[in-house]
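**Student:**
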Amino acid sequence: LADLRQQLEAAGPGDSKKKIADLQEGFRAKLAEVQAAHESQLTNTQAEHKAAHDTLLGQYTTVARDQAIDAAILTHKGKANYLQPHIASKARLDDEMSLVLFDGDRPRMGSDGKPQTVDAYVAELKKDVSNWGDAFHAEPAAGTGSPGTQRQPVMPSAGSQEPSLGAYFVDQ
6 LADLRQQLEA AGPGDSKKKI ADLQEGFRAK LAEVQAAHES QLTNTQAEHK
56 AAHDTLLGQY TTVARDQAID AAILTHKGKA NYLQPHIASK ARLDDEMSLV
106 LFDGDRPRMG SDGKPQTVDA YVAELKKDVS NWGDAFHAEP AAGTGSPGTQ
156 RQPVMPSAGS QEPSLGAYFV DQ
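Heads up, the sequence shown is in this note's numbering, so the first residue is 6 and it goes up one at a time.
Pasting the structure below:
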């Protein structure tokens, strides 16, 4: 291209119009060839960047989805090996990068009319004991038992006739 340009600039008034026209045409053809190569290379580079972007976005989406699901499962004392695959199959990130649960092609709606959160869905599953009871850890029993079943230590009084064994227990 540089050689053609130098030849075109070096052409003077003594050169024929045909030679000058041929040099101009060669310059234009070479310039079009370079521009086409540049466009092709630019298109390939853009395609590579888009593929890399899509791959990273897919990885981010998976990690963000799984972290939100794991946090909800942990909060509700669920078993991840049961719940994670089920919830992950329903969860997708929307255009605003918010996690949305779907039933088929429709977003799953919460009681407030907004898309249901993963936390609310896990809580709903936990309440459905007949279908999902095995997917959650059992809650420990609360309380200390009924009154009257506890044994209380009794210390003998100093002037009592009872044998001195120290403290002993009496059912109350």
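Ideal Cβ positions, reconstructed from N, Cα and C, are used throughout, including at glycine.
Quick caveat: nothing in here was measured; it's all calculated off a predicted structure.
#1: In angstroms with no decimal places, state the Cα-to-Cα distance between T66 and R97.
#2: Can you tell me which of the three DSSP states P112 falls into?
#3: 8 Å is my cut-off, CB to CB: does P145 come that close to chain E?
#4: Which residue's Cα is closest to the Cα of G109: S21, E144, D8 and I92?
#5: Look at the Cβ atom of P120, then the Cβ atom of R111, and state whether they are nearer than 8 Å.
#6: Say whether the stretch 39 to 53 touches the stretch 70 to 79, bearing in mind that this needs 3 or more beta-carbon pairs closer than 8 Å, one atom from each stretch.
#7: Since A76 is in the alpha helix (DSSP H), which residue starts that stretch and which ends it?
#8: For A96, which three-state DSSP category applies?
#9: Quickly, what does DSSP pair V105 with across the bridge? List them, please.
#10: For the alpha helix (DSSP H) containing K132, list its first residue and its last residue.
#11: Less than 8 Å between the C-beta atoms of H81 and V127, yes or no?
#12: To the nearest angstrom, how far is it from the Cα of G115 to the Cα of K55?
#13: For G83, list the residues DSSP reports as bridge partners.
#14: Would you call the stretch 81 to 90 in contact with the stretch 131 to 148, where contact means no fewer than 3 C-beta pairs closer than 8 Å?
#15: For P120, which beta-bridge partners are listed by DSSP?
**Tutor:** Working from what's here:
#1: 8 Å
#2: strand
#3: Although the question refers to chain E, the structure presented lacks it and comprises just one protein chain.
#4: When each option's Cα is compared against that of G109, the closest is I92.
#5: no
#6: no
#7: Where A76 is concerned, the enclosing alpha helix (DSSP H) starts and stops at K22 to T80.
#8: strand
#9: V105 is bridged to R97.
#10: That run of the alpha helix (DSSP H) goes V123 to K132.
#11: In this structure, V127 lies closer than 8 Å to H81 by Cβ.
#12: So the two alpha carbons sit approximately 35 Å from each other.
#13: Beta-bridge partners assigned by DSSP to G83: F141.
#14: Result yes; three or more Cβ-Cβ pairs closer than 8 Å.
#15: Its beta-bridge partners are M114.
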